[in-house]
Amino acid sequence: MNEFPPLKNDLILRAARGQKTERAPVWIMRQAGRYLPEFRAERLKHDFFEICRTPELATLITLQPIDRYDGLLDAAIIFSDILVIPQALGLSVEMLPDKGPVFLDPLVVPEDIDLKLRNKVDVYQELGYVFEAITMTRKALNGRVPLLGFIGSPWTLMAYMIEGGSSRTLSKAKTWLFKYPEESKRLLQKITDVGVDFLIGQVKAGAQMVQIFDSWGGELSPLDFNLFSLPFIAQIAKRVKSQLINDGIEPVPMTIFCKGSWYALESLSNIGYDTISLDWTIDPIYAKNITKGKVTLQGNMDPNMLYGDHDTIRASVRRMLEAFGTNERYIVNLGHGILPTVDPENVRVFLETIHKVGLELNNNHKN
Ligand SMILES: Cc1c2[nH]c(c1CCC(=O)O)Cc1[nH]c(c(CCC(=O)O)c1C)Cc1[nH]c(c(CCC(=O)O)c1C)Cc1[nH]c(c(C)c1CCC(=O)O)C2
Numbered sequence: 086m087n088e089f090p091p092l093k094n095d096l097i098l099r100a101a102r103g104q105k106t107e108r109a110p111v112w113i114m115r116q117a118g119r120y121l122p123e124f125r126a127e128r129l130k131h132d133f134f135e136i137c138r139t140p141e142l143a144t145l146i147t148l149q150p151i152d153r154y155d156g157l158l159d160a161a162i163i164f165s166d167i168l169v170i171p172q173a174l175g176l177s178v179e180m181l182p183d184k185g186p187v188f189l190d191p192l193v194v195p196e197d198i199d200l201k202l203r204n205k206v207d208v209y210q211e212l213g214y215v216f217e218a219i220t221m222t223r224k225a226l227n228g229r230v231p232l233l234g235f236i237g238s239p240w241t242l243m244a245y246m247i248e249g250g251s252s253r254t255l256s257k258a259k260t261w262l263f264k265y266p267e268e269s270k271r272l273l274q275k276i277t278d279v280g281v282d283f284l285i286g287q288v289k290a291g292a293q294m295v296q297i298f299d300s301w302g303g304e305l306s307p308l309d310f311n312l313f314s315l316p317f318i319a320q321i322a323k324r325v326k327s328q329l330i331n332d333g334i335e336p337v338p339m340t341i342f343c344k345g346s347w348y349a350l351e352s353l354s355n356i357g358y359d360t361i362s363l364d365w366t367i368d369p370i371y372a373k374n375i376t377k378g379k380v381t382l383q384g385n386m387d388p389n390m391l392y393g394d395h396d397t398i399r400a401s402v403r404r405m406l407e408a409f410g411t412n413e414r415y416i417v418n419l420g421h422g423i424l425p426t427v428d429p430e431n432v433r434v435f436l437e438t439i440h441k442v443g444l445e446l447n448n449n450h451k452n
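So for the sequence shown, the numbering used here puts the first residue at 86; every next one is plus one.
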C-alpha cells in the first residue's frame, strides 16, 4: 500500500459514517469542469480522454476547484469519467465538443456482447491510468481533503453502450431490457464485475470514499429498477466491502446516486451503502423519514439555483441546511452536476454560505 500524508479534514468521512460533525461538509458533483476558466484553458490544449489518461493532467484538474475555493470544499473527486468502463470493455468513445460522448460502434444486438466486448477485463491493465491518477492526486492533495473515486452504475453504463451516447428516451437500451431481459442481465453482470474490480483498485490506489452514479436510474419504472438496476448496485456495495475486508483493507464509505429514483429511497437505504445522494426533486424531510437515519443523505439543491442572485442562493442554502440538519448524517451537494455556464463567484457564495450557516446552526459560531 502507498504511504499518504495525514488527513487534515475528515468531515465528509465522519458524516458518511454517521458521526457528528461541527458543520455539514460540502463538495459539488462535476466540481472540476467547464464552469471554471482554468479548466476550459486546459481543454483547449488537450482532448477530454487524454486528460483522463494522463495522471499529471488529471491531478492538475482535480485540484483546480480545491485551490480556487481554498478551504471551502471538503472533498476532491478524481477527474475521470464513467465511460472509462465501456472503454475498458473494448468500446471506443470520443467526447465531441457540442454532442458529449459518442460511441463509434455501440452494442446493437445481444450477440455484440461477445463480439464487441472483451471477455475478461484486467482493470490494472486497462484502467491503471486512473489508479495512477488517484495515487498522484492523493499525494498532491497533501491531506487537505479526502479524495473520492467513482464509477457509473451498470444500468447507466449499459444505456450508454447501447444508445451510443446521450439519449432522450433510451428506447434502444430499453428495447434490450424488454426484448432480451436475460441477455441484458448478462451484460449488466459483466459491467458489474468490472465495476467491482475497478472500485477496489481505486480504493487500493488511494480513494477514501466512492460514489456510484446511476444517472439514468429514474428512467426506469420502479419494477424495472428493481430488476435491472437495484440488484447490481446492491451487489457492488456488498462485493467491494467484503473483498476489501478479505484483502485486509478497511472499506471506505460508499455513496449511491440514482437520479430520479425517488421511489427507491427505502430500498437503497438497506443494501449496504453509507450515503444516498438525492436529486432536487426529493423533499429533505421525506428522505429523512423514509431512510430513518440508516444512511447519510447528500444533496440536493437544484443546480440551476446557482443562476440566481447571491441572496437567492444564500436563502436556498439556508432552507436546505435547516431541512437536512447540519451536524449529523448530512453532506451538502447539488442535486446533479454543476452546469457549465454557472458563474464561479456564485459557487463561492454557495460554499461560503454553507460554512457560515452550518456553523451558525450548530451554535458553533465564534463571533
Ligand atoms: C452521465 C455521466 C458522464 N460522466 C459522469 C456522469 C455521471 C454524472 C452525471 O449524471 O452527470 C461523471 C463524471 N464526469 C466527469 C466527472 C469528474 C469529476 C467531477 O468533477 O465531478 C464525473 C464524476 C467529468 C466530465 N465529463 C464530461 C465533462 C465535460 C466535457 C468536456 O470537457 O468537454 C466533464 C468535466 C463529459 C460528459 N461525460 C458524460 C456525459 C454525458 C458528458 C457530456 C455532457 C456534459 O458535458 O455534461 C458521461
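Note that CB positions come from ideal geometry on N, CA and C, so glycine has one too.
These numbers come from a predicted model, not from an experiment.
With distances taken between CB atoms, is the gap from Y209 to G286 smaller than 8 Å? Here the question's residue 209 lines up with position 124 in the sequence shown. Here the question's residue 286 lines up with position 201 in the sequence shown. Between Y209 and G286, the C-beta gap is smaller than 8 Å, which places the two residues in contact.
What does V281 pair with, by DSSP beta-bridge criteria? Residue 281 sits at position 196 when you count from the first residue of the sequence shown. In the DSSP output, where bridge partners are listed per residue, V281 has none listed.
For the stretch 419-428 and the stretch 356-367, state whether three or more C-beta atom pairs, one from each stretch, are separated by less than 8 Å. Result yes; three or more Cβ-Cβ pairs closer than 8 Å.
From S306, T340 and L233, residue whose alpha carbon lies closest to that of A319: Counted from its first residue, the sequence shown places residue 319 at position 234. Of the candidates S306, T340 and L233, T340 places its Cα closest to the Cα of A319.
G237 classed as buried or exposed, judged by whether at least 16 other C-beta atoms fall within 10 angstroms: Your numbering for residue 237 matches position 152 in the sequence shown. By the 10 Å Cβ count, G237 comes out buried.
Which one of P266, A244 and E268 has the shortest CA to CA distance from K522? Summary: the structure shown does not reach residue 522, with the chain confined to residues 86 through 452, and so no result is reported for it.
When you compare only the Cα positions, how much space is there between Q328 and L212? Translated into positions along the sequence shown, residue 328 becomes position 243. Translated into positions along the sequence shown, residue 212 becomes position 127. Answer to the nearest angstrom: the Cα atoms are 19 Å apart.
Once the 5 residues before and after S269 are set aside, which same chain residues still bring their CB inside 6 Å of it? As a working note, residue 269 is residue 184 in the sequence shown. Hits under 6 Å: W261 and L262.
Per DSSP, what are the beta-bridge partners of E179 in this structure? Here residue 179 refers to the residue found at position 94 of the sequence shown. Paired residues: V187.
Have a look at W240, N311 and I151 and flag the residue whose alpha-carbon is nearest the alpha-carbon of A349. By 1-based counting over the sequence shown, the position of residue 349 is 264. Cα-wise, what sits closest to A349 is N311.
Per the DSSP calculation, Y415 is bridged to which residue(s)? In the sequence shown, the residue the question calls residue 415 occupies position 330. Looking at the DSSP assignment, Y415 forms a beta bridge with L382.
Do we get a CB-CB distance below 8 Å when we pair L192 with the residues of chain C? Among the protein chains of the structure shown there is no chain C, as only one such chain exists.
Which whole-angstrom value is the C-beta distance of P150 and Q116, which I expect to be below 8 Å? The residue labelled residue 150 in the question sits at position 65 within the sequence shown. The residue labelled residue 116 in the question sits at position 31 within the sequence shown. About 4 Å separates the two Cβ atoms, so the contact holds.
Report yes if the C-beta distance between G249 and V187 is below 8 Å; otherwise report no. Mapped onto the sequence shown, residue 249 falls at position 164. Mapped onto the sequence shown, residue 187 falls at position 102. Against a cut-off of 8 Å, the Cβ pair of V187 and G249 comes out as a contact.
Are the beta-carbon atoms belonging to A101 and A109 less than 8 Å from one another? Stepping through the sequence shown from its first residue, residue 101 is reached at position 16. Stepping through the sequence shown from its first residue, residue 109 is reached at position 24. Contact: no.
Taking Cβ positions, are V281 and I321 nearer each other than 8 Å? Within the sequence shown, numbered from 1, the residue matching residue 281 stands at position 196. Within the sequence shown, numbered from 1, the residue matching residue 321 stands at position 236. Yes; because the gap between Cβ atoms is below 8 Å, this pair is in contact.
Near ligand 1: G237 beta-carbon under 7 Å from a heavy atom: As a first step, residue 237 must be located in the sequence shown, where it is residue number 152. Yes, the Cβ of G237 comes within 7 Å of a heavy atom of ligand 1.
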